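Participant:
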Amino acid sequence: MSGRSHSHRPNRGLQAYAALFMVFLYGPILIIPLFSFVDALYVRFPIEALTFRWYGELWRREPVIDALGNSLYVAAIVSVVSTAIGVFAAKAIARNRVPGTGAIVTFMMLPLVVPGIIFAVAILIVLNRMGVALSLYTVMAGHLVVCLPFAIWSLLPRFEGFDPSMEEASGDLGENGWWTFWRVTFPIMAPGIAASLLMTFTVSFDEFIMAFFLSGTQQTLPIFVWGQLRFPSQFPSILALSTLILAASFATVFLSLWIGRIGLPKAATGEIPK
Amino acid sequence: MSGANAGTGAVISARPATAGRLSRLMFRHEVLRGYTMLAPALVIMVLAILLPFVLMIVMSFWDQVGFDFDTTPTLQNYREIAEKPIYSALLLRSLWVSGIATLATVLVCYPMAYFVAFHVHRHKMLWLIIITLPFWTSYLMRIFSWKVILGYEGVINSGLMSIGLIDAPLDFLIYSPGAVTLTLAHTWAAFALLPIYVSLEKIDRSVLEAAADLGDSPLVRFFRITLPLSMPGVIAAVFLMFIPTVGDYVTPTLVGGPDGAMIGNLLQVQFGGVNNWPMGAAIAVVMVLAIAVVGLCFLALTALFRRWAT
């Protein structure tokens, strides 16, 4: 890198700003873990004693375990299905010059932008008209809509940086399309697929608004937390539960974003090639 | 391509014609394969987005009778939305609160995106992941944390009281449009950060160096080159942040209170306590239209501004 470039001079003001930004970004989120260890019923200063008991209490409560099980079940199925569908969609978008790709991509990315509540009530209306009872499966349907854009978003860079001649070589050497996919395309795609699975799993696991409108009697974890917010006596244990959810989600998404960028050309990772 | 074939086809007779047909078939095959691979995703999106949306529009012209619907088309719901002040008041407040949150977020995020794009040279990928990480995770928890911070017995109030700065909790912290604005800004900031970062990253560094060599000061260079070239990212950021926040439900419910309620709350009660689904559908349709109108106005304004600026 050339030393004369203006942008290589450290800018103290901007560095301070960035530090402040990070404090404002992560500070509020860290409040929950901090107070989940405080031995008091209310979140308030001054902190007098620390404890692990709110965590211990969680495991003795059946509804928490049930909701956790439901969430894991929904997220597992949604992540596999949305990633499987996403692989083919991303390949078609990146590689086959399909007319109308731009419009199709915009259409598929809509759930990322349009307020979730609109899709949730719209799907609720359809389910009601079709006479489908609300259950974990209707939650999965809603989550599929939310997760598909994330799957395609995680997978697209893989296909865009993919050298088609490798598949052609496989074809020339006598493999059919299916084996070419398994033995050439899939291994190259593996990091993208892993990233997509992790990302969609977390998005589904954390998703609130679809589950809020589309779940029946069985609750997912965020819906359970929502219900408990009304009871002040439950507050500390909800803080503990939220801490666990936050920690697990942060770890999975971090892993997803990290894996998703492994082996990609420099330009796609945001590094400036020099 | 077919035009070129038609021109030369008469001179070099058979071969190019068959080759053309073959390549056309191949092309069609490729496209066909593309659509086949897109099909599952498209079917889901049509079944889960388009169909529900159409049905929602249809239902907005119905009427709720007890637990059933009167399906004779009527404009009753829309008339009620137009006439009763609560609807327009909440809609306008939603647009206003989201607008302010969007503006604040874009202003706050721009320097951060600029910092990562121009001043981070090592571990850029790690930086990007860390500044966007919170936004892919635990939406409910992040809003909940603001309730914990701003509440009457929350972190700020109890903190200030314990050091003796105030005697009674500050009641304006939570349950106000201000609390909603602050929380929305914090919750959705990645939607503003990412597009601005991408547009800044795309700027050709040699243009900036040329400006510097020709004697532009850093400030002039920023306003003449960096800012105009990053405008597409800023515009994208405004849209990506404004559209989803207008309909947010969790934020106004947790930190808004009665004074900070938004259109999303009104929409939710139609499907819950009030049990008037057609009215809810009409509110959703009006919300989408309002967002579209504001969005188009914003686009028109930026286009006008650009013509004026160049």
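Chains as they are written, first to last, in the working numbering: chain G, 125 to 398; chain W, 18 to 327.
All residues carry an ideal CB built from backbone N, CA and C; glycine is no exception.
Owing to the predicted nature of the structure, the values given are computational and were not obtained by experimental measurement.
1. Verify the CB distance criterion: does W:Ser234 have a CB-CB separation below 8 angstroms to chain G?
2. If the cut is a Cβ gap below 7 angstroms, which residues of chain G does W:Ala299 touch?
3. Given a cut-off of 8 angstroms on the beta-carbon distance, is the pair G:Ile362 and G:Gly240 in contact?
4. Can you tell me whether G:Gly137 is buried or exposed, with buried defined as 16 or more other CB within 10 angstroms of its CB?
5. Between W:Gly277 and the rest of its own chain, which residues show a CB-CB distance below 7 angstroms, the 5 nearest in sequence each way excluded?
6. Quick one, which residues of the region 159-174 of chain W are near chain G if we go by CB-CB under 7 angstroms, in chain order?
7. Verify the CB distance criterion: does G:Ile201 have a CB-CB separation below 8 angstroms to chain W?
8. Could you work out which residues of chain W lie near G:Arg385, taking near to mean beta carbons separated by less than 7 angstroms?
9. At the level of alpha carbons, what is the spacing between G:Ser294 and G:Thr304?
10. Name the residue from G:Ile217, G:Ser328 and G:Thr344 whose alpha carbon lies nearest to the alpha carbon of G:Leu279.
11. Please give me, in chain order, every unbroken run of the alpha helix (DSSP H) with length at least 4 that falls completely inside the region 288-322 of chain G.
12. Could you tell me which chain C residues have their CB closer than 7 angstroms to the CB of W:Trp113, listed as they occur along the chain?
13. Using the three-state DSSP reduction, which class does G:Leu280 fall into: helix, strand or coil?
14. Looking at the secondary structure, which residues open and close the beta strand (DSSP E) in which W:Val237 lies?
15. Looking at the structure shown, is G:Gln358 part of a helix, part of a strand, or coil, going by DSSP?
16. With contact counted as at least three CB pairs below 8 angstroms, one residue from each stretch, are the region 256-276 of chain G and the region 196-207 of chain G in contact?
17. So, for W:Ile183: in the same chain, excluding its five sequence neighbours on each side, which residues have a beta-carbon less than 6 angstroms away from its beta-carbon?
18. Which one of G:Ile249, G:Ile156, G:Val198 and G:Cys271 has the shortest CA to CA distance from W:Ala58?
19. To be precise: take each residue of the region 254-288 of chain G, compare its Cβ to all Cβ atoms of chain W, and keep it if any distance is under 7 angstroms. Which residues remain?
20. Using a Cβ-Cβ cut-off of 8 angstroms, state whether W:Phe240 counts as contacting chain G.
21. Please decide whether G:Ala142 counts as near chain W, where near means a Cβ-Cβ distance under 8 angstroms.
22. Consult DSSP for W:Asp87 and reduce its assignment to one of helix, strand or coil.
23. Helix, strand or coil for W:Asp276? Go by DSSP, reduced to three states.
24. In the DSSP assignment, find the beta strand (DSSP E) that holds G:Gln139 and state where it starts and stops.
25. Have a look at W:Val82 and W:Ile98 and give me their C-alpha separation to the nearest angstrom.
26. How would you list, in chain order, the residues of chain W whose beta-carbon sits under 9 angstroms from the beta-carbon of G:Asp330?
27. Just verifying my parser: in three-state terms, what is the DSSP assignment at G:Asp190?
28. List the endpoints of the continuous beta strand (DSSP E) containing W:Asp80.
Facilitator: Result, derived from the coordinates:
1. Residue 234 of chain W sits at position 217 when you count from the first residue of the second sequence. No - not a single Cβ of chain G is within 8 angstroms of the one on W:Ser234.
2. To locate residue 299 of chain W, count along the second sequence from 1; it is residue 282. Ordered by position in chain G, no residue passes the 7 angstroms Cβ test against W:Ala299, which lies about 11 angstroms from the chain.
3. Here residue 362 of chain G refers to the residue found at position 238 when the first sequence is read from its first residue. Here residue 240 of chain G refers to the residue found at position 116 when the first sequence is read from its first residue. Cβ distance not < 8 angstroms, so G:Ile362 and G:Gly240 don't count as in contact.
4. Residue mapping note: residue 137 of chain G aligns to position 13 of the first sequence, counting from 1. Answer is exposed; the Cβ neighbour count stays below 16.
5. Counting from one through the second sequence, the residue named residue 277 of chain W turns up at place 260. Closer than 7 angstroms at Cβ, skipping near neighbours: Tyr192, Ser193, Pro194, Ala196, Val197 and Pro269.
6. Arg159, Phe161, Ser162, Trp163, Val165, Ile166, Glu170, Gly171 and Val172
7. Here residue 201 of chain G refers to the residue found at position 77 of the first sequence. Chain W contact via Cβ: absent.
8. By 1-based counting over the first sequence, the position of residue 385 of chain G is 261. Neighbours of G:Arg385 on chain W, chain order: Met142.
9. The residue given as residue 294 of chain G occupies position 170 in the first sequence. The residue given as residue 304 of chain G occupies position 180 in the first sequence. Using only the alpha carbons, I get a separation of about 6 angstroms.
10. In the first sequence, residue 279 of chain G corresponds to position 155, counting from 1. The residue with the shortest Cα to Cα distance from G:Leu279 is G:Ile217.
11. 288-296 and 301-304
12. Within the model displayed, chain C is absent; protein chains G and W are what it includes.
13. Within the first sequence, numbered from 1, the residue matching residue 280 of chain G stands at position 156. Helix.
14. Residue mapping note: residue 237 of chain W aligns to position 220 of the second sequence, counting from 1. Not the beta strand (DSSP E): W:Val237 falls in the alpha helix (DSSP H), residues Pro235 to Arg238.
15. Taking the first sequence and counting its residues from 1, one reaches residue 358 of chain G at position 234. DSSP places G:Gln358 in helix when its eight states are reduced to three.
16. yes
17. Counting from one through the second sequence, the residue named residue 183 of chain W turns up at place 166. So the qualifying residues of the chain are Leu177.
18. For the purposes of this step, residue 58 of chain W is taken as the residue at position 41 of the second sequence. It is G:Cys271 whose Cα lies nearest to the Cα of W:Ala58.
19. Ala265, Leu268, Val269 and Leu272
20. By 1-based counting over the second sequence, the position of residue 240 of chain W is 223. Answer no: the Cβ-Cβ gap between W:Phe240 and chain G never drops below 8 angstroms.
21. One-based indexing of the first sequence puts residue 142 of chain G at position 18. With 8 angstroms as the cut-off, G:Ala142 counts as an interface residue toward chain W.
22. For this step, residue 87 of chain W is matched to residue 70 along the second sequence. It is a strand residue.
23. As a position in the second sequence, residue 276 of chain W is number 259, starting the count at 1. W:Asp276: helix per DSSP, three-state reduction.
24. The residue labelled residue 139 of chain G in the question sits at position 15 within the first sequence. Careful: G:Gln139 lies outside any beta strand (DSSP E), inside the alpha helix (DSSP H) at Arg136 to Ser160.
25. Numbered from 1 along the second sequence, position 65 holds the residue referred to as residue 82 of chain W. Numbered from 1 along the second sequence, position 81 holds the residue referred to as residue 98 of chain W. Each residue's Cα considered, the two are about 18 angstroms apart.
26. The sequence position of residue 330 of chain G within the first sequence is 206, counting from 1. Those within 9 angstroms of G:Asp330 in chain W are Trp153, Thr154, Ser155, Tyr156, Leu157 and Met158.
27. Walking along the first sequence from the start, residue 190 of chain G turns up at place 66. In the structure shown, G:Asp190 sits in a helix (DSSP, three-state: H, G or I).
28. As a working note, residue 80 of chain W is residue 63 in the second sequence. Taken as a continuous stretch (DSSP letters only), the beta strand (DSSP E) holding W:Asp80 covers Asp80 to Val82.
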